[in-house]
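Q: Handing you a structure now.
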Amino acid sequence: MMMRGAFWIAAALTLSKFAGIISQVVLGAILDPEDFGLFAILLSLGAVVAVVSNGGTQQVLVQEGEEYNRNVPLVFNYALGFNLLAAAALVAASLPMAAHYDNPVLKPMAWILAASIVAGTPGLILKARLSIDLRFKQVGLLMAVSNIGRHASAILLALLGAGVFSLTLPVLVQPILVTLIAWIIVREWPPARHVSRDEYLALFGKTKWLMASTLALALLQHGRYLPVSLFVSTASLGVFFFAAQLITSVVSLFTGAIKEIFFPFFSKLEAGTDLFGQRVRLLLVVLTVIGLTLSVATYLLAEPVIALVWRGRWDAAAICVLWLSLLFPAQLLF
1400 MMMRGAFWIA
1410 AALTLSKFAG
1420 IISQVVLGAI
1430 LDPEDFGLFA
1440 ILLSLGAVVA
1450 VVSNGGTQQV
1460 LVQEGEEYNR
1470 NVPLVFNYAL
1480 GFNLLAAAAL
1490 VAASLPMAAH
1500 YDNPVLKPMA
1510 WILAASIVAG
1520 TPGLILKARL
1530 SIDLRFKQVG
1540 LLMAVSNIGR
1550 HASAILLALL
1560 GAGVFSLTLP
1570 VLVQPILVTL
1580 IAWIIVREWP
1590 PARHVSRDEY
1600 LALFGKTKWL
1610 MASTLALALL
1620 QHGRYLPVSL
1630 FVSTASLGVF
1640 FFAAQLITSV
1650 VSLFTGAIKE
1660 IFFPFFSKLE
1670 AGTDLFGQRV
1680 RLLLVVLTVI
1690 GLTLSVATYL
1700 LAEPVIALVW
1710 RGRWDAAAIC
1720 VLWLSLLFPA
1730 QLLF
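Numbering (our numbering), first residue to last: 1400 to 1733.
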């Protein structure tokens, strides 16, 4: 079962990353560094509100898979409430953010990101159903189509001259695709029921640390751009962001597989047992070896590949890629 699951997820991730690479090649040839810099600022702001995104419920449904039907009304209402709060915070922050950077385009960009957070709520529930049932073929299909749809829409928008919105609008396209495709596959939604205040409080007790970890991960991935933007131009920030995205494309290939394959299996093992400990140690060793290998390969190949693909347009990003590649092992372990 795990091997079949690994195959489907690996296939989906490979297709998604291939689409992502094509997208970055095309967008890098069309968009300016300032466009990437503005998008980096937006993602960094989104990282700040990530603490309440989905209310930390991403894994609760999977962990308590046997109680899925009973938990869905609770988790959906809880996640939707927190997502509306996150969206409201983004909309409120869009005005001072646009004023600070003297760029009004940041306002509609923030509104689009806010809408994407809310739009992703139903997909969270439906995708959990597939993970609980270990339907990795369907999970892989969902991942591939939604990711390819996002990258394809980005390329189309860039070719149509949408500028920075070539990066922003696809953020909304993806959760809509996830929800639509997941509904076509699952085609069921547990019946509504009354949820008591005590249940919400109990769920908060379970998710408060998950929310904290979500914030930490979001800040690790995107939080750095906001403070950097205070000291460099938007264009320089865009160069750094472009380099970071190249690194992320590689890292997410492995972290996505870990999340979609290993977490459902680990959730079925009893924590604290010898078998659980052995599996965790093996996973840590494998990820460390992969990370070190990727660091060496990137150090050797980054500069000539970037120069060849973008014909000098993004040569300034090469040094950033070299330094960021040193973090491959740590990024995989996180």
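Glycine is no exception: its CB is placed at the ideal position from the N, C-alpha and C atoms. Being a predicted model, the structure only gives us computed values, none of them experimental.
Put R1586 into one of helix, strand or coil per three-state DSSP.
A: If you number the sequence shown from 1, residue 1586 lands on position 187. Coil, per DSSP.
Q: Can you list, in chain order, the residues of its chain with a C-beta nearer than 7 Å to that of W1582? Leave out the 5 residues immediately preceding and following it.
A: Taking the first residue of the sequence shown as 1, we reach residue 1582 at position 183. Answer for W1582: L1525, listed in chain order.
Q: Buried or exposed for R1596, going by 16 or more other Cβ atoms inside 10 Å?
A: By 1-based counting over the sequence shown, the position of residue 1596 is 197. That one is exposed.
Q: At the level of alpha carbons, what is the spacing between G1562 and V1679?
A: In the sequence shown, the residue the question calls residue 1562 occupies position 163. In the sequence shown, the residue the question calls residue 1679 occupies position 280. Distance between the alpha carbons of G1562 and V1679 is about 44 Å.
Q: Since A1553 contacts L1566 with CB under 8 Å, what's their CB separation in whole angstroms?
A: As a working mapping, residue 1553 is identified with position 154 in the sequence shown. As a working mapping, residue 1566 is identified with position 167 in the sequence shown. Their Cβ separation, rounded to whole angstroms, is 7 Å, which keeps A1553 and L1566 in contact under 8 Å.
Q: Count the other CB atoms, across all protein chains shown, that sit within 10 Å of the CB of W1722; report buried if there are 16 or more and exposed otherwise.
A: Here residue 1722 corresponds to residue number 323 of the sequence shown, with the count starting at 1. Under this definition W1722 is an exposed residue.
Q: Excluding sequence positions up to five away, which residues of its chain have a Cβ less than 6 Å from the Cβ of V1451?
A: Within the sequence shown, residue 1451 is the residue found at index 52, counting from 1. Once the five neighbours on either side are set aside, the close Cβ partners of V1451 are F1481, L1484, A1485.
Q: Using beta-carbon positions only, say whether S1545 and V1577 come within less than 9 Å of one another.
A: Mapped onto the sequence shown, residue 1545 falls at position 146. Mapped onto the sequence shown, residue 1577 falls at position 178. The answer is yes: Cβ separation under 9 Å.
Q: Could you spell out where the alpha helix (DSSP H) holding V1695 opens and where it closes?
A: Start at 1 with the first residue of the sequence shown, and residue 1695 comes out as number 296. Residues 1673–1709.
Q: Around the Cβ of F1675, are there at least 16 other Cβ atoms within 10 angstroms (buried) or fewer (exposed)?
A: Stepping through the sequence shown from its first residue, residue 1675 is reached at position 276. F1675 is exposed by the Cβ-count criterion.
Q: Can you tell me which of F1727, H1593, L1614 puts its alpha carbon nearest to the alpha carbon of I1646?
A: Here residue 1646 is taken as the residue at index 247 of the sequence shown, counted from 1. It is F1727.
Q: What's the gap between the Cα of S1635 and the Cα of H1550?
A: Indexing the sequence shown from 1 puts residue 1635 at position 236. Indexing the sequence shown from 1 puts residue 1550 at position 151. Cα-Cα distance, rounded: 24 Å.
Q: Below 8 Å, how does it come out for the region 1703–1723 and the region 1614–1634: are there three or more Cβ pairs, yes or no?
A: Not touching, per the Cβ criterion.
Q: Can you tell which of E1702, V1638, Q1730, I1689 has the C-alpha that lies nearest to the C-alpha of L1430?
A: Walking along the sequence shown from the start, residue 1430 turns up at place 31. For L1430, the nearest C-alpha among the options comes from V1638.
Q: Taking DSSP as the reference, what is the three-state secondary structure of V1624?
A: The residue you call residue 1624 lines up with position 225 of the sequence shown. According to the sequence provided, residue 1624 is Tyr. The question's Val does not apply to it. Helix.
Q: Are the CB atoms of L1602 and V1474 nearer to each other than 9 Å?
A: Locating residue 1602 in the sequence shown gives position 203, counting from the first residue. Locating residue 1474 in the sequence shown gives position 75, counting from the first residue. Result yes, Cβ atoms of L1602 and V1474 sit closer than 9 Å.
Q: For N1476, I'd like the list of residues in its chain whose CB is within less than 7 Å of its CB, leaving aside the five on either flank, ordered along the chain.
A: For this step, residue 1476 is matched to residue 77 along the sequence shown. Closer than 7 Å at the Cβ level, and outside the excluded window around N1476, lie V1594.
Q: Following the continuous alpha helix (DSSP H) through W1510, name the residue where it begins and the one where it ends.
A: Numbered from its first residue, the sequence shown carries residue 1510 at position 111. Run containing W1510: 1505–1518, per the alpha helix (DSSP H) assignment.
Q: To the nearest angstrom, how far is the alpha carbon of P1472 from that of P1590?
A: Here residue 1472 is taken as the residue at index 73 of the sequence shown, counted from 1. Here residue 1590 is taken as the residue at index 191 of the sequence shown, counted from 1. Roughly 8 Å separates the two Cα atoms.
Q: For a test of the three-state rule: what should DSSP assign to W1713, helix, strand or coil?
A: Within the sequence shown, the letter at position 314 stands for residue 1713. It is coil, neither helix nor strand.
Q: Helix, strand or coil, according to DSSP, for D1501 in the structure here?
A: Taking the sequence shown and counting its residues from 1, one reaches residue 1501 at position 102. Of the three classes helix, strand and coil, the one that applies to D1501 here is coil, per DSSP.
Q: Pick out whichever of A1706, A1439, S1415, E1702 has its Cα sitting closest to the Cα of L1625.
A: Counting from 1 along the sequence shown, the entry for residue 1625 is found at position 226. Closest option to L1625, Cα to Cα, is A1439.
Q: Assign L1726 to one of three DSSP states: helix, strand, or coil.
A: In the sequence shown, counting from the first residue as 1, residue 1726 sits at position 327. Reduced to three states, the DSSP call for L1726 is coil.
Q: Which residue from K1536, P1521, D1532 puts its Cα closest to that of L1579?
A: The residue labelled residue 1579 in the question sits at position 180 within the sequence shown. Measuring from the Cα of L1579, the nearest candidate turns out to be P1521.
Q: Mapping the DSSP letters down to three states, classify E1356 as helix, strand or coil.
A: Because the chain is modelled from 1400 through 1733, residue 1356 falls outside the range shown and cannot be assessed.
Q: So what's R1549 in DSSP terms, helix, strand or just coil?
A: The residue labelled residue 1549 in the question sits at position 150 within the sequence shown. Helix.
Q: Pick helix, strand or coil for V1720, following the three-state DSSP scheme.
A: For this step, residue 1720 is matched to residue 321 along the sequence shown. V1720: helix per DSSP, three-state reduction.
Q: I'd like to check one pair, A1492 with L1618: are the Cβ atoms closer than 9 Å?
A: What you label residue 1618 is simply residue 219 of the sequence shown in a count that begins at 1. What you label residue 1492 is simply residue 93 of the sequence shown in a count that begins at 1. It is not a contact, given that the beta carbons lie outside the stated cut-off.
Q: Where does G1539 land, buried or exposed, given buried means 16+ other C-beta within 10 angstroms?
A: Against the sequence shown, residue 1539 aligns to sequence position 140. Buried, because 16 or more other Cβ atoms sit within 10 Å of the Cβ of G1539.
Q: Taking its Cβ as the centre, do 16 or more other Cβ atoms sit within 10 Å of G1604, making it buried, or is it exposed?
A: Residue 1604 sits at position 205 when you count from the first residue of the sequence shown. Exposed.
Q: Alpha carbon to alpha carbon, what distance is there between R1623 and L1609?
A: Position 210 of the sequence shown holds residue 1609. Position 224 of the sequence shown holds residue 1623. Going by the C-alpha atoms only, they are around 21 Å apart.
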